Amino acid sequence: MAGGAGGTGGGIATTSLLWAIVMSAFAGKFPSFGGILFGYDTGTIGGCIAMNDWLQTFGKFDPTPGGLSWYIPTNDKSLVVSILSAGTFFGGLFASPMADLVGRKFGLIYSCLIFTLGVGLQLDDHWATFIVGRVIAGLGVGLVSCLVPMYQSECSPKSMRGAIVGLYQLAITIGALLAAIVLNATKDRPTTQHGEFPFPYNLFGLSSSQQEWCALLPESPRYLLLKGRHEEARRSIGRLMTLPPDAPEVEAEAVEITTALTVEQQASQGGYAACFKNNEDRNGWRTWTGILMQGVMATTYWHQLHFYYGTTFFQQAGIQNAFIIQIIADVVNTVMTIVGVNLIDRVGRRRLLLIGAAGMCISEYIVAIVGVTAGHPHAVANGVAVNLTAQRVLIAFTCIYIAFFAISWGPVIWVLTGEIFPLGIRAKSMSLAVASNWLWNFGIGYATPYLVNPTTTGVNGIKAANLGVKVFFIWGSTCIGCLIFTYFFIPETKGLSLEQIDLLYRESSIIGSNSHRQHIIDQDETFTNRFNEKAGHAKDDEKASA
2 MAGGAGGTGG GIATTSLLWA IVMSAFAGKF PSFGGILFGY DTGTIGGCIA MNDWLQTFGK
62 FDPTPGGLSW YIPTNDKSLV VSILSAGTFF GGLFASPMAD LVGRKFGLIY SCLIFTLGVG
122 LQLDDHWATF IVGRVIAGLG VGLVSCLVPM YQSECSPKSM RGAIVGLYQL AITIGALLAA
182 IVLNATKDRP TTQHGEFPFP YNLFGLSSSQ QEWCALLPES PRYLLLKGRH EEARRSIGRL
242 MTLPPDAPEV EAEAVEITTA LTVEQQASQG GYAACFKNNE DRNGWRTWTG ILMQGVMATT
302 YWHQLHFYYG TTFFQQAGIQ NAFIIQIIAD VVNTVMTIVG VNLIDRVGRR RLLLIGAAGM
362 CISEYIVAIV GVTAGHPHAV ANGVAVNLTA QRVLIAFTCI YIAFFAISWG PVIWVLTGEI
422 FPLGIRAKSM SLAVASNWLW NFGIGYATPY LVNPTTTGVN GIKAANLGVK VFFIWGSTCI
482 GCLIFTYFFI PETKGLSLEQ IDLLYRESSI IGSNSHRQHI IDQDETFTNR FNEKAGHAKD
542 DEKASA
């Protein structure tokens, strides 16, 4: 690896492809299992709220002739679905002190324990305990959703960073698919006390075993250098590069990371206030990009809401076996996420986001137009004949929407969240960005039943907008915002080390980022060499002026 002690543009790159694959598998093992648990938990609640036993345990009874029998009121549905995101919001915020105090590795282990506690509480049949369990599980998910891309970004070779970090989103889709399969297998079980819903929740009740995998991993060398633990950092870099700690390549990487950190810390002091300073590192721009990026992503989360409300939506659309359709949609999501993970480091982050936003926008508008003209989404309840062709179009374009999301905004945003922030403020800025995602998810998750559901009457009546499928006009319009935001705010970072991304932000505009990125790669520019070059010019200027 060229560059010597002056730094290298290669990033933390192993000399063994086999070891890179092994490390990627282990680095993805804990995050993936955590992601599976998150996807499974969110996918399970979407089916449980449509199950008779769950409704009889937590719902209300409608005694009117021809009524719904057991049902869950709109306000309770909003609460039980969205409250997980309330917990994830605080988990995202707490990830910063967790990551900086105990480290990326042990932060993941503690997050696992918190999630396990939340899952256990959701096995109770008391409404208050169930809700508290979802909040605590959300706290663990919020911590993991910030710590996972942080750890993986700091430890991954730059050529594989997109694919490795994208594994977290893939794991979420696998968890949701497992949830759909389990729910379909248990939906017809006899209705007895704890007859249906405890089984889906029990399946991953022993999630604490995942911490054993994380214990095998090295600590992030960037975290160790941030804390001044240089010898440990060199051993960690050596493990990641399959080289001795005193190898010249290891020393070069340590110097590159330390130089970038030193320069950044000289200009970035003041805790969270440093995240918003408009200094040479463009901290403020990068932090606001992360916050808005995650917020914009949340607005595209009809995909996420599809998991929450998908089963009941398909039932309202007149589809006889909505659980099977849910499985089909989840298979599309998982398969296309695999495709997307493999495209991130080939096509690029920025281009994938633009393609995905355009495809999602078109799909959502088609679903909205077909739904309001020929779909009759409430046909069964109103006694209207179901237009099977229209229903098939709705299903098809729902799956097409999911496919575009899965290859782009689903995995790419997590990759960008882990790599656009400088090391000194990475934990703080990432926690703010991730927390904004979950805050938006909470708001959208809580509001959606009020937007979609009809107004109910009687003692438990709730006023609602009754937009039904018209809500897709709103979701489609947000995708236009995604296109605009990507073009003006998100640079292309494919193939750069984290320190080279610092250079990109210092020296390039967003719109011209792709050409400057290629220049950095062609010239093999490093942060250390550029800093030494500027320092040399400054000394020459001082001599000339003297």
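With my numbering, letter number 197 in the sequence shown gets 198, and the count goes up by one each step, no holes. Just so it is clear, CB atoms sit at the ideal spot from N, CA and C, and this is done for glycine as well. Here the structure is a predicted model, which is why all the values come from computation and not from measurement.
Three-state class that DSSP yields for residue i in the structure shown
i	result
Phe532	helix
Lys159	coil
Arg230	coil
Arg283	coil
Leu148	helix
Thr456	coil
Lys278	coil
Gly372	helix
Thr527	coil
Trp55	helix
Ser79	helix
Glu493	coil
Tyr310	Its pLDDT being 49, under 50, Tyr310 is placed unreliably in this model, and the value from its coordinates should be taken loosely. Tyr310: helix per DSSP, three-state reduction.
Ala465	coil
Asp126	coil
Thr193	Low per-residue confidence applies at Thr193: pLDDT is 49, beneath 50, and the placement is therefore not dependable, though the value from the model is reported in the following sentence. Coil at Thr193, not helix or strand.
Gly143	helix
Asn388	coil
Ser86	helix
Pro245	coil
Leu94	helix
Gly349	coil
DSSP bridge partner residues for residue i (one or two, in chain order)
i	result
Trp71	Phe62
Member of the options whose CA lies at the smallest distance from the CA of residue i
i	options	result
Ile511	Ile491, Val264, Ile502, Pro150	Ile491
Leu452	Ala466, Phe443, Asn442	Ala466
Arg223	Cys483, Gly419, Ser478	Gly419
Lys78	Leu227, Tyr447, Glu254	Tyr447
Leu497	Cys480, Cys483, His517, Leu293	His517
Leu218	Arg105, Asp126, Trp71	Arg105
Cys483	Arg352, Asp503, Pro455	Arg352
Ser154	Phe90, Lys495, Cys49	Lys495
Leu94	Gly357, Gly139, Leu225, Ala129	Gly139
Tyr72	Cys276, Thr58, Ser83, Phe532	Thr58
Gly143	Val435, Ser157, Thr259, Ala234	Val435
Ile37	Ile46, Leu124, Ala172, Gln123	Ala172
Ser160	Thr45, Gly360, Asp346	Asp346
Pro158	Ile50, Ile292, Leu241	Leu241
Met151	Phe532, Ser509, Trp476, Gly425	Gly425
Leu354	Phe405, Ala391, Val373, Val251	Phe405
Glu220	Leu109, Thr527, Asp125	Leu109
Ser52	Leu178, Gln524, Asn185, Asn515	It is Met, not Ser, that sits at residue 52 in the sequence shown. The shortest C-alpha separation from Met52 is found at Asn185.
Ser112	Asp126, His127, Gly92	Gly92
Glu257	Ala234, Phe277, Gly272	Ala234
Leu505	Ile292, Ala261, Phe62	Ala261
Tyr273	Leu226, Thr263, Trp289, Val264	Trp289
Gln266	Gly372, Gly229, Gly239, Pro74	Gly229
Thr390	Ser83, Ala407, Gly372	Gly372
Ala359	Ala181, Ile485, Ile132	Ile485
Continuous alpha helix (DSSP H) stretch holding residue i: start and end
i	result
Lys429	427 to 453
Tyr273	Counting along the chain, Tyr273 falls outside any alpha helix (DSSP H), and DSSP gives it neither H nor E.
Pro412	410 to 420
Thr301	Counting along the chain, Thr301 falls outside any alpha helix (DSSP H), and DSSP gives it neither H nor E.
Glu508	499 to 508
Ile110	105 to 122
The ligand HEM heavy atom lying under 7 Å from the CB of residue i
i	result
Met361	Inclusion of the ligand HEM in the displayed structure is not the case, the ligand content being empty and no account of it being possible.
Worksheet item: Are three or more beta carbon pairs between the stretch 425 to 441 and the stretch 139 to 149 nearer than 8 Å?
Response: The stretch 425 to 441 vs the stretch 139 to 149: in contact.
Practice prompt. Spell out a yes or no on whether the stretch 467 to 476 and the stretch 333 to 344 are touching, meaning 3 or more CB-CB pairs, one atom from each, closer than 8 Å.
Written response: no
Discussion item. Counting beta carbon pairs with one atom in the stretch 391 to 405 and one in the stretch 362 to 370, are three or more of them shorter than 8 Å?
Written reply: yes
Practice prompt. For the stretch 435 to 442 and the stretch 279 to 288, state whether three or more C-beta atom pairs, one from each stretch, are separated by less than 8 Å.
Written response: no
Worksheet item: So does the stretch 410 to 417 actually touch the stretch 152 to 168, counting three or more Cβ pairs closer than 8 Å?
Response: yes
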